[in-house]
Amino acid sequence: MKVPFLDLKAQYVSIREEIASGLQQVLDNTAFAGGPFVTRFEKEFASFCQTDFAIGLGSGTDALWAAILGLGIGQGDEVITTPNTFIATAEAISFSGAQPVFVGIDEKTYNMNPELLEDAITPRTKAIMPVHLYGQTADMDPILKIAKKHDLFVIEDACQAHGAEYKSRPAGSIGDAGCFSFYPGKNLGAYGEAGVVVTNNAQLNEKIQMFRDHGQAKKYYHSMIGWNARMDGFQGAVLSVKLKYLNQWNESRRKNARLYNELLANIDGVILPTEADYAKHIYHLYVIRTQNRDAFMAALAENKVFCGIHYPVPLHLQEAYSSLGYKKGDFPVAEKCCEQLVSLPMFPELTPEQIGYVVEKVKSIVNS
Ligand SMILES: Cc1ncc(COP(=O)(O)O)c(C=O)c1O
Numbered sequence: 180m181k182v183p184f185l186d187l188k189a190q191y192v193s194i195r196e197e198i199a200s201g202l203q204q205v206l207d208n209t210a211f212a213g214g215p216f217v218t219r220f221e222k223e224f225a226s227f228c229q230t231d232f233a234i235g236l237g238s239g240t241d242a243l244w245a246a247i248l249g250l251g252i253g254q255g256d257e258v259i260t261t262p263n264t265f266i267a268t269a270e271a272i273s274f275s276g277a278q279p280v281f282v283g284i285d286e287k288t289y290n291m292n293p294e295l296l297e298d299a300i301t302p303r304t305k306a307i308m309p310v311h312l313y314g315q316t317a318d319m320d321p322i323l324k325i326a327k328k329h330d331l332f333v334i335e336d337a338c339q340a341h342g343a344e345y346k347s348r349p350a351g352s353i354g355d356a357g358c359f360s361f362y363p364g365k366n367l368g369a370y371g372e373a374g375v376v377v378t379n380n381a382q383l384n385e386k387i388q389m390f391r392d393h394g395q396a397k398k399y400y401h402s403m404i405g406w407n408a409r410m411d412g413f414q415g416a417v418l419s420v421k422l423k424y425l426n427q428w429n430e431s432r433r434k435n436a437r438l439y440n441e442l443l444a445n446i447d448g449v450i451l452p453t454e455a456d457y458a459k460h461i462y463h464l465y466v467i468r469t470q471n472r473d474a475f476m477a478a479l480a481e482n483k484v485f486c487g488i489h490y491p492v493p494l495h496l497q498e499a500y501s502s503l504g505y506k507k508g509d510f511p512v513a514e515k516c517c518e519q520l521v522s523l524p525m526f527p528e529l530t531p532e533q534i535g536y537v538v539e540k541v542k543s544i545v546n547s
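Note that my numbering has the sequence shown beginning at 180, numbered continuously upward.
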């Protein structure tokens, strides 16, 4: 048996006709850049997230960047985030002109540890950007409380958390803005690049609408300097089809995670994911921890089980961020986890037989 890390084709074949029809409509209407199919998806996704507004953008990175700029954050400001995330989180802060400041993570959820947050706040801090990593929200109540006390914005990086919940509230709807990526491998993935910002803030909505379209509300009348960060029509059409299935697909992921948890329970040397009592985890990734991670993954690959690492190097130790002056030992929990994390195969169409095979191989490798 061969178990891929992710199988986009298995999902595509189940919705092939609907996708073809959606794409044909975009062609028939020549609605390629922005346009009615993007507007329709924006309405649907705002409703899914229970927010007033959703603004379709070119990628999750664009979404984070637009939210930061739209809240007036830039040169001389600081934004606090976590070192255990994809680099786009910090890049968006840097590209606004602000500086990312990292705080340590919680060893159980791998998300920002709110207990460490206040020490990172300075007079230059303008926002906190928690990342809902692997499909589980950060612990938002203490984060919101600290943000309120220090008058800071909260921007949720929900790029891995489509349909996740915090105390029954949808990820992305909790802070001032929520940013999602629709990169093809995400729980809600486009067939190209796309992203979105959701918010209840009418002024922010207006600013991001302008920003993504060269600062214009009326064609060729530019009231601010913006950018081209529009979502394309094909992605809007694909996402409208796929959004209808998102809850069902997330439930399948949760079921797969339960089966992994059951079959992998009590194996010495393997730490399983923790679902916090405040969270509905939607398992964008099913991440375990093990010693000798690289040898473990190589042995799995020899048995045709393919895994990922999210992420091998925490951001404070990435070469790109060497100018920030962090050093090894600054975030010991994140550093330790980055050496041990392994993302096992996870997607809605994964079968119980495939999961059984992965577990059998994990057990034999750990025991040998
Ligand atoms: C946590 C996180 N933030 C931001 C992004 C950036 O999204 P995109 O690839 O759509 O630009 C990603 C996507 O991988 C992500 O996982």
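Glycine residues also receive a C-beta, built at the ideal position from the N, C-alpha and C atoms.
These numbers were taken from a predicted model, which means no experiment stands behind them.
Beta-carbon contacts of Met-525 that lie in its chain and below 7 Å, excluding the five residues immediately before and after: Arg-432, Asn-435, Tyr-462, Leu-464, Tyr-465
Three CB pairs or more closer than 8 Å across the region 211 to 231 and the region 409 to 420: yes
Whole-number beta carbon distance between Ile-353 and Leu-331, since they are thought to touch under 8 Å: The pair is not a contact, with the Cβ atoms about 14 Å apart (cut-off 8 Å).
Range of the contiguous beta strand (DSSP E) that encloses Thr-218: Element bounds for Thr-218: not the beta strand (DSSP E) but the alpha helix (DSSP H), 215 to 228.
Closest by C-alpha distance to Met-476, when choosing among Gly-508, Tyr-490, Val-521: Val-521
C-beta atoms of Ile-534 and Leu-451 nearer than 8 Å: no
Beta bridge counterpart(s) of Gln-395 as assigned by DSSP: His-401
Contacting residues, own chain, Cβ-Cβ under 6 Å from Gly-235 (five flanking each side not counted): Val-217, Glu-221, Val-375, Met-410
Closest residue to Thr-288 among Asp-456, Leu-479, Gln-497, His-329 (Cα-Cα distance): Asp-456
Cutoff 7 Å; reference Glu-257; Cβ partners in own chain excluding five residues on either side: Ala-277, Gln-278, Val-280, Thr-301, Arg-303, Thr-304, Lys-305
Test item: CB-CB of Asn-366 and Asn-429 under 8 Å: yes
Unbroken alpha helix (DSSP H) run spanning Ala-480, endpoints: 472 to 481
Check: Gln-204 C-beta below 7 Å from any heavy atom of ligand 1: no
Residue range of the alpha helix (DSSP H) that includes Leu-422: 412 to 422
Check: Phe-485 C-beta below 7 Å from any heavy atom of ligand 1: no
Cβ shell of Lys-551 (< 6 Å), same chain only, five flanking positions each side left out: The structure shown does not extend to residue 551, since the chain is modelled only from 180 through 547, so no value can be given for it.
Contact test: Glu-335 Cβ vs ligand 1 heavy atom, cutoff 7 Å: no
Ile-387 burial status per 10 Å Cβ neighbour count (16 or more: buried): buried
Of the listed residues Thr-261, Ser-275, Leu-185, nearest to Leu-296 (C-alpha basis): Thr-261
Assigned secondary structure, Lys-188 (DSSP; H/G/I helix, E/B strand, else coil): helix
For Val-205 and Tyr-424, the rounded distance between their alpha carbons: 21 Å
C-alpha distance - Gly-253 paired with Asp-241, whole-angstrom precision: 15 Å
Met-389 classed as buried or exposed, judged by whether at least 16 other C-beta atoms fall within 10 angstroms: buried
Cross-strand partners of Tyr-465 (DSSP beta bridge): Leu-523
Same chain, Cβ closer than 6 Å to Pro-293, neighbours up to 5 away in sequence not counted: Asp-318, Pro-321, Ile-322
Three-way DSSP call (helix, strand, coil) for Val-538 in this model: helix
Status (buried if at least 16 other CB within 10 Å, exposed otherwise) for Ser-547: exposed
Whole-angstrom distance between Asp-473 and Gly-487, CA atom to CA atom: 11 Å
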